[in-house]
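Residue numbers (the numbering used here): 289 to 1155.
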């Protein structure tokens, strides 16, 4: 028998049924003869045959097996009703429910197989092949079929008039076409190259042809990275025209790759983007670059309101993350842009991009070194911010070189015990131009003023004495009370160090006593710049100019007291009522009028910081004086899983000077609720009827009339598994703080919902309603622009600020999503507007995906010309 490098052993499975003695004898004779001829070949390359009946034909030199036949060779298994081994030509003929299982798990079925005796080469009728692999989404099953196929050397399978899909057949009607499939004159699956080639191919969706390609190829589904073209991307905007990109991915080596995104725009020409990525043993980096020579510069506004005066535009960005050891790592995020509008105008993805206040975008570059221990933390970084809106003036944005934070906690020494904490911070900040904001509409001014607005003083600035006019907000009159300083020009360094101690004692009555103490020292090294731009006006706020040093030492001692009262009400739950009192004694704060308050701008007084030792958010300000904080906390937990909690309290300035009532350059504490001797009341209520539902509210209420000065509420409901819906509703309202530049109340409502309509279809989204914008528009633009009809619409109380609504279909082989997005922006006129975009994404799993982005806005975007 001509079986290469193999020994045939026939095994009769008696457990499968009775076999005649004649059959047993013939099988044994075949075994003996074949074994003697094969000699002492390796067992690893033997062909094992199992079947109900095995017959050896000496005349024809064949071995025939029938009845649940199974052949095993080289990790492959062939199963069939009948199998004939032709020893003369080394062929295997299998018929009836033929099934071959590869070593990698691929299953190939057919009506008739004709293969070589090692199963590597041959022909298959009514061929069907199923392969299971994994991709980023998890397991994936791919299916090939053809009336006839050819297998060559165990590596290449050719499907004549074949089909390919990753979709499961319909259970109720297997003959129905899958959701999508590729039909081709020839489908060639090369396992060695791990590629699938298609000749004269048609892509069908639900049996309907939607595209034809004479030739293309895709990686095998088992391939994680493969060089080749990616799915195209389409885009259309007013300024760019119609655009299409066909990315190319180059897998340079296992540790590096390069992706090219050549894009042609009908109005602007050729845009080239590239992204290089590389992995190292300790981390990885990527570099992204983009550039274009604009063909129609008139599509954009001229400077300083757009990039219409630039022909060459581009960007380069790089990101890196590297581990030094298990505790230390470093990295960077750096973005260099030709102009502030480039990323948005050309819809370029950027990891440095961030949006603030739902309107003003910015790009952040930084480099950092970070260490993390069990009870210690270190972070050092340098940061650069680039404003990406026409309302941003780069010279007013700070550079941080660097900021260093260190935090270490250790056990206190005997006999004091407790916990000792060391904190250190250093920051160096520089800025070229002072930034001012008005505390009233009447005092607002702009270097470039829309109709009805004042121009900033002095007039020489707007005519180019210090540069081109910039449409940023400023003050018409630079005086305390009418104007605040958001950032000073010059260079400012601060070093802060603090050591603190605390220890908790619980007495026999269950009372909790926590004494604490801290000592903090700060040094400020100021170099004010009073030259150029509007920097001269800072003399109205700070008398000291040039170099100045401010030192400050703040010691403090305090005690916190808690006494929980617990009641077990059986099936009504366990109830805990806990009064809390805290007293902190320290000297008055000094030097706050001579420092540039850069890191304590935000002061939010609520339940979360009622018992903080220092309620300022940063290091530049330090709370002084003697302060008492009191409150009462309630908790309940029932056996049914119902839980709830509440907190209500107030803060008092007992003695000394109230730091929150002291006006610095920003009026940081004004209107915070802490600027009077008795603060506003703060409270929180949280209810969780079950793990699927929760409600939390918090608020700040006036100390005299209990007026609502701040309120937040969020309700979350998850009805699964009873109903496939999850929803949330968030509401927030904060009263105006004109002394801090918030001239109107801030109010918003955000409902969100996700609904699994069917196992495959889902819909979801959220809408953010801006409930305060009409106040500002009513008082400013409506009057300035003559009460136009367009402005009347903008004074509606319910303004949609942001929307994200999506419809998604997803199954084992296809993902289709349609999203409607709206986001706020500053239009070229300087007024707030809305950008509306429709995004369509279609992914045919294992085959590729395509994205279409279409802007449907009817108004002019930031930096875009109206023509």
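Using N, Cα and C, we set each Cβ at its ideal position, and we do this for glycine too.
- Counting of Cβ neighbours within 10 angstroms places residue 569 among the exposed residues, the total staying below 16.
- In the three-state DSSP reduction, residue 990 falls in the coil class, being neither helix nor strand.
- By the neighbour-count definition (other C-beta atoms within 10 Å, threshold 16), residue 592 is a buried residue.
- In summary, residue 890 is exposed, with fewer than 16 beta-carbon neighbours lying within 10 Å of its beta-carbon over all protein chains present.
- CA-to-CA, the gap between residue 1060 and residue 934 works out to about 29 Å.
- Its chain contains 908, 909, 952, 953, 954, 956 as the residues whose beta carbon lies nearer than 7 Å to that of residue 885, once the 5 sequence neighbours on both sides are disregarded; these appear in chain order.
- The residues 523, 1141, in chain order, have a CB closer than 7 Å to that of residue 635 in the same chain once the five nearest residues on each side in sequence are set aside.
- Remark: three or more beta-carbon pairs, one from each stretch, lie closer than 8 Å, so the segment 931-947 and the segment 963-982 are flagged as touching.
- Between residue 474 and residue 495, the gap from beta carbon to beta carbon reaches 8 Å or more.
- Note that the C-beta distance between residue 413 and residue 436 is below 8 Å.
- Comparing C-alpha distances from residue 613 to each of 625, 583, 661 shows the shortest one belongs to 661.
- With distances taken between CA atoms, residue 1107 lies nearest to 1090 out of 410, 1090, 362, 1099.
- In this structure, DSSP gives residue 875 a state outside helix and strand, which the three-state scheme calls coil.
- The shortest CA-to-CA distance from residue 348 to any of 359, 370, 377, 341 is the one to 377.
- In the DSSP secondary-structure assignment, residue 870 is bridged to 848, 917.
- A distance below 6 Å between beta-carbons, with the five flanking residues on each side excluded, links residue 489 to the following residues of its chain, in chain order: 470, 472, 501.
- By the criterion of a C-beta distance shorter than 6 Å, residue 583 is surrounded in its chain by 556, 557, once the five residues flanking it on both sides are discounted.
- In this structure, DSSP gives residue 589 a state outside helix and strand, which the three-state scheme calls coil.
- DSSP places residue 727 outside both helix and strand once states are collapsed to three, so it counts as coil.
- Look at residue 395 here: in three-state DSSP terms it is strand.
- Pairing residue 564 with residue 508, the inter-Cα distance amounts to about 24 Å.
- When the alpha-carbon of residue 822 is set against those of 491, 777, 931, 813, the nearest one is in 777.
- Minimum Cα-Cα distance from residue 1105 among the listed residues 1050, 1134, 1088 corresponds to 1050.
- CA-to-CA, the gap between residue 978 and residue 420 works out to about 41 Å.
- Fully contained in the segment 449-512 are the following beta strand (DSSP E) runs of length 3 or more, in chain order: 468-478, 483-493, 496-507.
- Residue 667 and residue 694 have their C-alpha atoms some 7 Å from each other.
- Nearest Cα to residue 905 within the set 893, 912, 888, 917: 888.
- A contact between stretches requires three or more CB pairs, one per stretch, nearer than 8 Å, and the segment 854-872 fails this requirement with the segment 830-843.
- Apart from sequence neighbours up to five positions away, the residues of its chain that approach residue 1058 with a beta-carbon distance below 7 Å are 1036, 1087, 1089, ordered along the chain.
- Ranked by Cα distance from residue 721, the first of 680, 632, 706, 936 is 680.
- Contact annotation: residue 455 and residue 466 have beta-carbon atoms nearer than 8 Å.
- Taken through DSSP and simplified to helix, strand or coil, residue 825 comes out as helix.
- Between residue 997 and the set 1022, 1016, 833, the nearest pair of CA atoms involves 1022.
- Linking residue 371 to residue 386 through their CA atoms gives a straight-line distance of about 9 Å.
- When the beta-carbon positions are compared, residue 664 and residue 621 stay at least 8 Å from each other.
- Its Cα nearest to that of residue 730, the residue 1064 stands out among 1064, 616, 566.
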